[in-house]
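Below: the structure, in structure tokens.
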Amino acid sequence: MIQFEHVSFAYSGQESGNLNDLNLTIQDGECVLFCGRSGCGKTTVTRLVNGLIPYFFAGELTGRVLVNGMEIAQTPMYQIARRVGSVFQNPRTQFFNTDTDSEIAFGIENEALAPDELHRRMDRTTQELGLQVLLGRNLFELSGGEKQKIAFASVYAMQPEVYLLDEPSSNLDIGAIEELKKHLGLIKHQGKTVLIAEHRLHYLMELVDRIIYLENGRVAGSYTPSQLKSLSEEERSAMGLRAADLLAVHPPESCACTGSPVLTLQDVTLRHGKRTILEHVSLRAAGGELIGVVGHNGAGKTTISRALCGLHRHYGGSFLWEGSPQDDKARRKRAYMVMQDVNYQLFAESVEKECV
2 MIQFEHVSFA YSGQESGNLN DLNLTIQDGE CVLFCGRSGC GKTTVTRLVN
52 GLIPYFFAGE LTGRVLVNGM EIAQTPMYQI ARRVGSVFQN PRTQFFNTDT
102 DSEIAFGIEN EALAPDELHR RMDRTTQELG LQVLLGRNLF ELSGGEKQKI
152 AFASVYAMQP EVYLLDEPSS NLDIGAIEEL KKHLGLIKHQ GKTVLIAEHR
202 LHYLMELVDR IIYLENGRVA GSYTPSQLKS LSEEERSAMG LRAADLLAVH
252 PPESCACTGS PVLTLQDVTL RHGKRTILEH VSLRAAGGEL IGVVGHNGAG
302 KTTISRALCG LHRHYGGSFL WEGSPQDDKA RRKRAYMVMQ DVNYQLFAES
352 VEKECV
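Numbering (our numbering), first residue to last: 2 to 357.
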């Protein structure tokens, strides 16, 4: 059982609280979804359960958070980690190794398990989560979705009582979301307690027992999946929530851009080391054209984006701008990129300094 007893918290340097007098009980084996607008307190809830608050994130904390009678603020982190496993929104922030096998085994190695038990857990994790194709890989060469799978696997191998997931689908394609859904169903079937902070709702409607809607750090509503799905589109939009059913979404029709090509890719091949990511890719883009590049996790979407900006070396083919060949240096002057993990490109300590 997880209990929040009159819990309030404000991060250091912030005038208003991120959570305000939260009172909530989550039963053993319950799967609970926390949703709401960005900044409503979803991630803060997970940090209170896994001990990152108060041990890592400083601030003013009042009230108590208990996990099966264990008061988090009074319990050493190593003891919390045995019971509570976390998958962060940005999996890179929880990696300690450079290869997938070592990362999956890292937690259980630190528990000083016998070699036979360690290998048994590794084999079980790999088989039950279907990770064979990711074994022996360099973490730095994985897509965002593949990194998230490894982060989940490293937690699964620890066999915690409680799972915390912070926006676990944010880097996943539709196929990978279905895999995540199966994994969540697996740990729920095992009787684990699961807390999920998430913006995407549709894939969780058949899994969760309860949906907690947070607003300004308070519980503003509690719903069953059927109750949430019964809300009108206008009601969900006013609450800042996404659709609970993708079949109800009707995107507007787009119109094709028919101008002359400005950017041209001719027979481009891209690699990571000896591994070919994309081969013989050709593309023409007109001025003012908006192009969506889609594909499964690891298909090469980020790689081709980096190559367009001159940040990834290409091993064949040509990049042309208005018919003129563009090497890596030339492309770096013409194209700019907002990365999936924005921490890679932020250098200053304040918004003002970053902008100037």
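Idealized CB from N, CA, C, for every residue including glycine.
(1) On a CA-only basis, which of Ala115, Phe153 and Thr99 is nearest Glu142? Give me that one, please.
(2) Measuring from the CB of Val85, is there a heavy atom of the ligand SAM at a distance below 6 Å?
(3) Going by C-alpha to C-alpha distance, which of Phe348, Gly108, Gly30 and Gln95 sits closest to Ile188?
(4) Less than 7 Å between the beta carbons of Val88 and Val8, yes or no?
(5) Exposed or buried, Arg314, counting other C-beta atoms within 10 Å across all chains shown (16 or more means buried)?
(6) Kindly identify the DSSP beta-bridge partner or partners of Met206.
(7) Across which residues does DSSP place Met370 in a beta bridge pair?
(8) Give me the DSSP bridge partner(s) of Ile213.
(9) Per DSSP, which residues does Pro326 bridge with? Please list them.
(10) Going by DSSP, what residue range makes up the alpha helix (DSSP H) through Asn111?
(11) Assuming contact is defined by CB atoms lying nearer than 7 Å, are Cys41 and Leu215 in contact in what I supplied?
(12) Consult DSSP for Glu162 and reduce its assignment to one of helix, strand or coil.
(13) Kindly give me the distance between the Cβ atoms of Ile218 and Asn19, rounded to whole angstroms, as I take these residues to be in contact under 8 Å.
(14) On a Cα-Cα basis, can you pick out the residue from Gly318, Arg276, Thr277 and Thr303 that is closest to Leu284?
(15) What are the residues that DSSP puts in a beta bridge with Ser306?
(16) Tell me, please, whether the segment 66-85 touches the segment 130-147 by the rule of three or more beta-carbon pairs shorter than 8 Å.
(17) Can you name the residues that DSSP bridges to Ile27?
(18) Could you tell me whether the Cβ atoms of Cys310 and Met340 are closer together than 7 Å?
(19) Once you ignore the five residues that flank Pro262 on each side, which residues in its own chain have a CB closer than 8 Å to its CB?
(20) State the CB to CB distance for the pair Met159 and Gly192, rounded to an integer number of angstroms; the pair is presumed to be in contact (CB under 8 Å).
(21) Identify whether Tyr12 lies in helix, strand or coil by the three-state DSSP scheme.
(22) Rounded to whole angstroms, what's the CA-CA distance from Phe153 to Asp210? Just pull it up for me.
(23) For the beta strand (DSSP E) that contains Glu280, what are its first and last residues?
(24) In this structure, does DSSP put Gly86 in helix, strand or coil?
(25) Quick one: what's got a C-beta closer than 6 Å to Thr44's C-beta in the same chain, skipping five residues either side?
(26) Going by C-alpha distance, which of Gly70, Gly293, Ala115 and Ser351 is nearest Glu6?
(27) I think Leu140 touches Glu104, with their Cβ atoms under 8 Å apart; what is that distance to the nearest whole Å?
(28) Could you check whether Ala11 and Glu61 sit closer than 7 Å to each other, using their CB atoms as the reference points?
(29) Quick check: the Cα distance between Leu181 and Met206, rounded to an integer number of angstroms?
(30) When you compare only the Cα positions, how much space is there between His281 and Thr270?
(31) Would a C-beta distance cut-off of 7 Å place Ile3 and Val85 closer than the cut-off?
(32) Who are Asp167's beta bridge partners in DSSP?
(33) Short check: CB of Gly293 to CB of Glu147, under 7 Å?
(34) Taking C-beta to C-beta, are Gly301 and Ile278 nearer than 7 Å?
(35) Does the beta-carbon distance from Asp342 to Asn91 come in below 7 Å?
(36) For Gly296, I'd like the list of residues in its chain whose CB is within less than 8 Å of its CB, leaving aside the five on either flank, ordered along the chain.
By the coordinates alone:
(1) Thr99
(2) Among the components modelled here there is no ligand, and therefore nothing to report on the ligand SAM.
(3) Gly30
(4) no
(5) exposed
(6) Met206 is not bridged to any residue.
(7) This structure cannot settle anything about residue 370, because the visible part of the chain is limited to 2 through 357.
(8) Phe35 and Ser223
(9) Leu321
(10) Thr101 to Asn111
(11) yes
(12) coil
(13) For clarity, residue 218 is Gly in the given sequence; the question names Ile instead. Confirmed, about 5 Å.
(14) Gly318
(15) DSSP output for Ser306 lists no bridge partner at all.
(16) no
(17) Ile3
(18) no
(19) Arg285, Ala286 and Ala287
(20) At roughly 16 Å, the Cβ-Cβ gap does not stay under 8 Å, so Met159 and Gly192 are not in contact.
(21) strand
(22) 21 Å
(23) Arg276 to Ala287
(24) strand
(25) Asp167 and Ala198
(26) Gly70
(27) 6 Å
(28) yes
(29) 13 Å
(30) 5 Å
(31) no
(32) Ala198
(33) no
(34) yes
(35) yes
(36) Asp174 and Lys302
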